[in-house]
Every structure is written in structure tokens, then in C-alpha cells.
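According to the numbering used here, the stretch in the sequence shown is residues 6 to 365, in order.
Input: a single structure, listed below in C-alpha cells.
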Amino acid sequence: MKTIFSKIGILALILLFSINIKAQKKTLTVLNIDSQGVSLKPNQIGNLLRMEVEKLDTFEVMDRYDVAYMIKKHSLDINGCYGKICLTEMGNLIGTDKILSGSVELYGKTIIITLRLLDVKKSKIEKAEVKEFLNIEDELQSMIRLTLQEMFNLQINELLMARLTDVQQQESLINNPNENRLNLSGPRLGLTYFTGETAEVLSKTTDDGGWDINVPVMFMFGYQFEVQYLNSGNFQALFEVIPTITGVDQGIIIPNLAFLMGFRNNVKGWEIALGPTIGLIKQSSGYYDENGNWHINQENQSEKRIDKRGDEEFHTGFVFAAGRSFKSGKMNFPVNLFVVPSNKGVRFGLTFGFNSKNKL
6 MKTIFSKIGI LALILLFSIN IKAQKKTLTV LNIDSQGVSL KPNQIGNLLR MEVEKLDTFE
66 VMDRYDVAYM IKKHSLDING CYGKICLTEM GNLIGTDKIL SGSVELYGKT IIITLRLLDV
126 KKSKIEKAEV KEFLNIEDEL QSMIRLTLQE MFNLQINELL MARLTDVQQQ ESLINNPNEN
186 RLNLSGPRLG LTYFTGETAE VLSKTTDDGG WDINVPVMFM FGYQFEVQYL NSGNFQALFE
246 VIPTITGVDQ GIIIPNLAFL MGFRNNVKGW EIALGPTIGL IKQSSGYYDE NGNWHINQEN
306 QSEKRIDKRG DEEFHTGFVF AAGRSFKSGK MNFPVNLFVV PSNKGVRFGL TFGFNSKNKL
């Protein structure tokens, strides 16, 4: 029984403490906000600001209907009342602790939002915040919210701030409205076709160092990791890392790692990329006799080629790739063609992948 009474007592204290905290909130009034060059009127911007202040749950915000009542009761003219002296007089007549005022002004391609928090009793500007935004009037409420959050040192949406203040971010948003960047990181599947000497060696018997592959085509799979380091207008610059494994369908494991730099069109999904590639495959040193036969373990070894009887060694190349991403609902389907030139034979390939749309 004592335990129950103790819990009830604790809950009562918490409730009383919460009520006391709420009772200690300062009253705040938002009147008209000066507007220059934008379509919204001062009272409309004032209403937007009042709603955003209420969301902070920091002050006892005077309802707009109460504000209208007090203005009518005291026959106040709040039009053009934006200065400290006028606001102090209004605040004393209304009976509020704080008044939040300011302005929204359009200068060319920039919207400047200024907010000032006035302590009525002290007739002193307690806080002030000025922010410059791009001329995107449809986002005026978001601009007011961000300015207010910075004024009171609250956490802001960094991505939203960048979109409303950075020209390049906004251009990308306009050209690709459903997402900030097109990110195609995800699994990759495909096939690769070998030509030249490499294809000939693959088709040879195992006794001759080949793999008994009649058709020099192998399936491949991997994963593409990408980072966008530049996103401007229609285009974004990419850095891609693509690890793959080729030849599992032929009983071979050929690991490969490609590092590509490229450009992608955000709207149509076209892209080009190029960069080095490095992989592992069995090779041996030897020579070709006058009949074109390959011999290894001889004193006059002079060159290397792929050879199933050899040791795993690194080989390098350079990849040229191009492709396009297709969209269906929330899915992306990137399709790419690539070519890897070599003095042993050119390698061609086709890959495709999938992922869901990424809104970064």
C-alpha cells in the first residue's frame, strides 16, 4: 500500500512540475511581418511565422484571433509597425512578454529573411537572425522555419537548407525533381566476350594451358559502389568502384576490381565512365615455336600469356563504359556496355543492375 501511495505521490509531483514549467513560459506575440517584393501580404507572412513558432513549443504564443481582438479593443494600427519603439508600445498595450517581428524582402534572385525577438519590458532586441535564400517563393514557409530554427540554435535540415541556398543544388532539384541525385549503387549481372589470343587460349585443351571453352563468353556478377562528388544542373560527376567475379559458369573464378570516373545525366540517365581495372588470372612464361605451339618451362622463355597451368598473377587494363538507366516506378535499371582493349585481344561486356530510387 505504501508503495502505491509513493508512486501516486511521484506522479503528482511530476504533473505539478510540468504544469509549473508550462506556467513559466513567456508569452510571445507575432504581428505583421514586413514584406517587400513577394506575393504574400504582411499578415499572411505573420501567420506563417506564428505557426512555426507554435511548433517550437518554447513560448505561450498568442493566438491570431486573440491578437485581432486586442488590436480592435485598443484601436491599434499595426500597419507599418516594425521598429523597436512601435513594437514596444504595442507589446505593452497587448500585455505580452516578447514580440517576434521581422521582414521578408526580395532583392533580385535572393530572398532575405530577417527575424528579431523583442523583450517588451526591457525594450531590447534579444535575438536577431538574417538568412539569404534563393528566390523560390513557394518554399517561403520552409525558409521561415529554417531561419527560426537557426535563431534558437535548433537542429536544421541541412539538405533542405542546401536546396534553398545553393544554386547548384536547386538546379539539380529542378532538372530531377523526384530526387536530388540519381544513385545507382547496387548489384550488377552480365556477360563478357573475349577476342584475339585470349579467346584462342580459352578454347585450347587443358594440356595446352587452356580451359576447353568453345565459346569465349562468360557470365559475371558483382556490385557497384558509387559516390557523386559534383552535382550541377543536368549532370553529376561520379567515382565508381566495381568488384566483380567472372567465369563461375565455366568453372573459373576471375576476380576483378575496376575504378571508374564518369559523368551521368540526371534527367535521361545516360552516362559514360572510364578507368583502370585490375584482376587475377593464371599466367605462365613461355614462347611460341615455329608451328605456333606454346611451350613453358624452357630456358628461352620470353613472354607471358594466360595459362591454366600457371600461377595466379595480377593483370591490369583500362575500361571504357557507357550506358543508360531506365526507371519503372521506384526502381532503377542501369544497363551498360564496356570494352577493355588489350594487345592480347579486346574484351567486350554487357551488364545490367537494379536498385530503388535514392533520395539523398
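By construction, the Cβ of each residue, glycine as well, lies at the ideal position given by its N, Cα and C atoms.
Per the DSSP calculation, residue i is bridged to which residue(s)?
i       : result
Asp-124 : Lys-103, Lys-129
Leu-452 : The question about residue 452 has no answer, for the chain in this structure spans 6 to 365.
Met-266 : Phe-244, Leu-279
Ile-311 : Gln-288
Phe-359 : In DSSP, Phe-359 forms no bridge with anything.
Val-135 : Thr-119
Phe-226 : Leu-194, Ile-250
Gln-29  : Beta-bridge pairing links Gln-29 to no other residue.
Tyr-112 : Thr-115
Met-336 : Ser-333, Ser-361
Asp-213 : The partner list for Asp-213 (beta bridge, DSSP) is empty, contrary to what the question assumes.
Ala-326 : Ala-278, Phe-343
Leu-164 : DSSP output for Leu-164 lists no bridge partner at all.
Pro-47  : Paired residue(s): none; Pro-47 is not in a bridge.
Gln-41  : Glu-110
Alpha carbons only, please: which of the options is nearest the one belonging to residue i?
i       : options                            : result
Asn-219 : Val-206, Ile-283, Ile-301          : Val-206
Val-345 : Thr-119, Pro-339, Gly-354, Phe-338 : Gly-354
Asn-261 : Ile-50, Glu-94, Phe-319, Ser-361   : Phe-319
Trp-309 : Val-43, Thr-34, Glu-202            : It is worth fixing the name first, because residue 309 is Lys in this sequence and not Trp. When each option's Cα is compared against that of Lys-309, the closest is Glu-202.
Val-58  : Glu-131, Thr-32, Pro-47            : Thr-32
Asn-348 : Glu-131, Gly-256, Thr-200          : Thr-200
Lys-127 : Gly-350, Thr-101, Thr-251, Phe-331 : Thr-101
Thr-210 : Lys-313, Leu-61, Asn-337           : Lys-313
Phe-331 : Tyr-228, Pro-221, Trp-275, Phe-64  : Trp-275
Pro-339 : Gly-195, Ala-73, Phe-157, Ile-99   : Gly-195
Asp-71  : Ala-242, Tyr-234, Ile-99, Asp-62   : Ile-99
Glu-317 : Tyr-228, Thr-282, Ile-283, Gln-288 : Gln-288
Ala-73  : Thr-34, Asp-212, Ile-301           : Thr-34
Glu-142 : Tyr-112, Val-125, Tyr-87           : Tyr-112
Thr-249 : Gly-267, Tyr-228, Gly-85           : Tyr-228
Within this structure, are the beta carbons of residue i and residue j separated by less than 8 angstroms?
i       : j       : result
Asp-254 : Phe-226 : no
Arg-193 : Gly-358 : yes
Ile-286 : Ile-311 : yes
Leu-139 : Leu-169 : yes
Arg-269 : Phe-240 : yes
Val-232 : Gly-280 : no
Leu-36  : Ile-83  : yes
Val-43  : Arg-55  : no
Ala-204 : Gly-350 : yes
Ser-147 : Leu-165 : yes
Residues in its own chain within less than 6 angstroms of residue i by CB, not counting five upstream and five downstream?
i       : result
Asn-183 : At Asn-183, the pLDDT of 46 sits below 50, so the modelled position is not reliable; the number obtained from the coordinates is stated separately. Taken in chain order, the list of residues that qualify is empty.
Gln-389 : This structure gives no information on residue 389, because the portion of the chain shown stretches from 6 to 365.
Lys-78  : none
Thr-119 : Gly-107, Ser-108, Val-135
Phe-230 : Ser-190, Val-246
Ile-50  : Ile-38, Ser-40, Val-109
Leu-265 : Glu-245, Ala-278, Gly-280
Ile-117 : Glu-110, Glu-137
Asn-48  : Asn-37
Thr-63  : none
Asn-341 : Ala-326, Gly-328, Thr-356
With a threshold of 16 other CB atoms inside 10 Å of the CB of residue i, please say whether the residue is buried or exposed.
i       : result
Gly-107 : buried
Ile-90  : exposed
Thr-321 : exposed
Lys-114 : exposed
Leu-159 : exposed
Lys-103 : buried
Thr-356 : buried
Ile-149 : buried
Gly-214 : buried
Gln-5   : Coverage of the chain is limited to positions 6 through 365, which leaves residue 5 absent and any answer about it impossible.
Ile-26  : Model confidence at Ile-26 stands at a pLDDT of 48, short of 50, so the residue's coordinates are unreliable and nothing is read from them.
Phe-157 : exposed
Arg-352 : buried
Val-172 : exposed
Leu-365 : Because Leu-365 carries a pLDDT of 44, less than 50, the predicted location of this residue cannot be relied on, and no value is offered for it.
Ala-263 : buried
Within a Cβ cutoff of 7 angstroms, which residues of the same chain sit near residue i, ignoring the five residues on either side of it in sequence?
i       : result
Asn-52  : Arg-69
Asn-360 : Leu-189, Ser-190, Gly-191, Asn-337
Gly-252 : Met-223, Ile-258, Ile-259
Leu-81  : Met-95, Leu-98
Which residues in the same chain have their Cβ closer than 8 angstroms to the Cβ of residue i, if we skip the five residues on either side of it in sequence?
i       : result
Ile-161 : Leu-151, Gln-154, Glu-155
Leu-123 : Lys-89, Leu-92, Thr-93, Gly-96, Lys-103, Ile-104, Leu-105, Ser-106, Lys-129, Ile-130, Glu-131
Pro-221 : Tyr-198, Phe-199, Thr-200, Thr-203, Ala-204, Leu-207, Ser-208
Tyr-234 : Ala-242, Leu-243, Phe-244
If you measure from the beta carbon of residue i to each beta carbon in chain C, is any gap under 8 angstroms?
i       : result
Ser-333 : Looking at the structure shown, chain C is missing, and only one protein chain is on hand.
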